[in-house]
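Asks:
Numbering (my numbering), first residue to last: 3 to 232.
(1) Got a sec: is the Cβ-Cβ distance from residue 64 to anything in chain C below 7 Å?
(2) Distance, Cα to Cα, residue 169 vs residue 152?
(3) Assign residue 50 to one of three DSSP states: helix, strand, or coil.
(4) For residue 80, report the span of its alpha helix (DSSP H) as first-last.
(5) With DSSP as the reference, please indicate the residues paired to residue 203 in a beta bridge.
(6) Residue 86 to residue 100, Cα distance in whole Å?
(7) Within 10 Å of its beta-carbon, does residue 103 have 16 or more other beta-carbons around it, so buried, or fewer, so exposed?
(8) Using DSSP's beta-bridge definition, name the partner residues of residue 1.
(9) Can we say the region 126-139 touches the region 89-98, given the rule of at least three CB pairs closer than 8 Å?
(10) Rounded to whole angstroms, what's the CA-CA distance from residue 89 to residue 157? Just pull it up for me.
(11) Among 81, 219, 232, 135, whose alpha-carbon lies nearest the alpha-carbon of residue 55?
(12) According to DSSP, simplified to helix, strand and coil, what is residue 188?
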């Protein structure tokens, strides 16, 4: 009887330890246990991204500093941890909407435009594609390649002028990455950055204002990311 009781107690202890471990990992991954080391510094650095970004084609000037809807902010757990701006090119007059956030990996890494955009007025035009962008770092370090997902939504009227192009990617504070399974790829990181750039665009590469913004502004954006702290 004593042997059976001992085995039962051992079994219960193992189950408890597994449950605690899974709960802790899940809570850390989804951001339920409060602020992570380095996150406060990361959010403050991000919010200092300049309102004017110098570029060869003309300066990109933030004409508007907006706020995301409260439901999205609560769901993503990004209170005081994001910027949401409309940048306009002073020379070409093209504009883009830029959202950059930093927060719990489990929520931010898996959230995509496909999840929250669309509805009765728009539909996804085609499957998303990955787009590499070469980035010369302002620090003088070796150039890097950022990789973004691109997905287009088109108005249900099929008016090609009513097309919205989204570029988005996730980063740990270094390169931006487009990955198929961000939940697994970034599972060892407790917080990550997410960027989304959207623009109304026509057909063809020449109408891709979002890519133009990224190509010209990523060197500056990288200066305001802090590499993940373990």
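For each residue, glycine too, the CB sits at the ideal point set by N, CA and C.
Replies: In terms of the structure at hand:
(1) Structure shown: chain C not included; a single protein chain is present.
(2) 5 Å
(3) It is coil, neither helix nor strand.
(4) Judged by DSSP secondary structure, residue 80 falls outside any alpha helix (DSSP H); it is assigned neither H nor E.
(5) 165
(6) 6 Å
(7) Burial state of residue 103 is buried, judged by a 10 Å Cβ sphere holding 16 or more other Cβ atoms.
(8) Past the edges of the chain, shown from 3 to 232, lies residue 1, and the structure says nothing about it.
(9) The answer is no - the region 89-98 does not touch the region 126-139, with fewer than three Cβ pairs under 8 Å.
(10) 23 Å
(11) 219
(12) coil
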